[in-house]
Every structure is written in C-alpha cells, then in structure tokens.
Amino acid sequence: DVSPAAADARDRERVAQLVKGADVVAAALVPARDGSDPRAPFVALYQDFLSGVDAGGGPRTVIVGGAGSLRVAPGMRLVDTPEFPEPYKPEALAHADVLDALRANAAALPMWTYISPAPEIGPGERTGAFRVGVGDDLLPGAGHISAEDYAVAFVDELESGAHPRQRLSVA
Numbered sequence: 060d061v062s063p064a065a066a067d068a069r070d071r072e073r074v075a076q077l078v079k080g081a082d083v084v085a086a087a088l089v090p091a092r093d094g095s096d097p098r099a100p101f102v103a104l105y106q107d108f109l110s111g112v113d114a115g116g117g118p119r120t121v122i123v124g125g126a127g128s129l130r131v132a133p134g135m136r137l138v139d140t141p142e143f144p145e146p147y148k149p150e151a152l153a154h155a156d157v158l159d160a161l162r163a164n165a166a167a168l169p170m171w172t173y174i175s176p177a178p179e180i181g182p183g184e185r186t187g188a189f190r191v192g193v194g195d196d197l198l199p200g201a202g203h204i205s206a207e208d209y210a211v212a213f214v215d216e217l218e219s220g221a222h223p224r225q226r227l228s229v230a
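The sequence shown begins at 60 in the working numbering and counts up by one.
Here it is as structure tokens:
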C-alpha cells in the first residue's frame, strides 16, 4: 500500500506521525532556491527529517539525490568540472553535503539509500531501458535519463531495499 503524505520536513513530530508503521519512506527534498547558500540549511533539513523518521520507527528511507557529486574521474566530481552550469552548483553542492552527512552518520540514522539521476534528467518516455550503478562513479555514457525511467528505478529500490546505506546512480 502507498500512502502519499507531505509535511514540513523540519517538523520532526509530524514526520514521525506520518511514517509510523511504514516499511519505507520516499524523500524528495529540495534546497532553497532563493539565492542564499543552501548547503548548511539543506543538511540541517535532512537531519531534522531523518530525526523524525527515526522517531517514527526508523523505516528505510530512499532519497532522491543529485548527480553533481558523481565522480567523472579520480578525485573529480561532475560539479567540479568547468562544464558544470554555474547556476546549478549551489544545489549540487548541497546535495553532495547531504550525501556526505548520511555517510558520516550512517550508524545513527535510519537505513537509507541515495539515488542520483544521470547528469540530465527531464520529461520523456518510459523506456524501461536504464542502468543502475552502485557507488560514486558516473556510469559510462550516462548523459540523460527520462524522469519516467528514473521513477521506475526509484520505485524498484523502494520495493526491493537491495542497497542499504549505498548510493546508486541511474542512467
């Protein structure tokens, strides 16, 4: 059964109420897009949200992540390349900080999986032809994925729970 719900992710008590009894939670939070530096507030937002998830029984949480922190070469993330669009860097770095915080505090957090799309994601067709990688490396040839195919991969992970405390990429 799916029970869609929305709440202020900073409201730990409300989040706890909503997730109580759930087997899995899907999280699709976004950082502020008001021109301010979103990094620390976004990490704090996820900390509050996951604290609420934990208080609600700690169901497994699958997180919509960003692509900017995927490695394109040893020691080089996509967000650090000269081609990465400047307007998207603050959001990409905020997502990278959340992933770092998840890893640094893994033992104290509810079970999580972080799923990054290909560098370009947008509306398109659901083809069912996509690849899933485990880890931080950008999948070879991963340029674009339709939002529809990303959603299928996301739901597959929601259902299977096959990758606890891991980062996946979908292309």
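Glycine residues also receive a C-beta, built at the ideal position from the N, C-alpha and C atoms. Quick caveat, the model's predicted, so the values are computed rather than measured.
**Alpha-carbon spacing of Val131 relative to Pro141, whole angstroms** = 12 angstroms
**Message:** So, under 8 angstroms CB-CB, Arg71 and Ala114 are touching, yes? Tell me the CB distance rounded to an integer number of Å.
**Reply:** 6 angstroms
**Prompt:** If we count the other Cβ atoms within 10 Å of its Cβ and call it buried at 16 or more, is Tyr147 buried or exposed?
**Reply:** exposed
**Prompt:** Since Gly111 and Gly80 are thought to touch, with beta carbons under 8 angstroms apart, how far apart are those beta carbons, to the nearest angstrom?
**Reply:** No, Gly111 and Gly80 are not in contact; Cβ-Cβ is about 14 angstroms, not under 8 angstroms.
**Message:** Measuring alpha carbon to alpha carbon, tell me which residue in Arg185, Trp171, Glu145 and His222 is nearest Gly192.
**Reply:** His222
**Prompt:** Using the rule of at least 16 other Cβ atoms within 10 Å of the residue's Cβ for burial, across every protein chain shown, is Val78 buried or exposed?
**Reply:** buried
**Asked** How about Arg185 and Val211: do their beta carbons lie closer than 8 angstroms?
**Response** yes
**Request:** My understanding is that Leu88 touches Leu104, with C-beta atoms under 8 angstroms, so please give their C-beta distance in whole angstroms.
**Result:** 6 angstroms
**Message:** Please tell me whether Gly124 and Ile174 are closer than 8 angstroms, where the distance is taken between their beta carbons.
**Reply:** yes
**Request:** Indicate whether Pro97 and Pro149 have their beta-carbon atoms separated by less than 8 angstroms.
**Result:** yes
**Endpoints, beta strand (DSSP E) assigned at Leu168** = Element bounds for Leu168: n/a, residue is neither H nor E.
**Request:** Would you give the residue range spanned by the beta strand (DSSP E) that Leu227 belongs to?
**Result:** Gln225 to Val229
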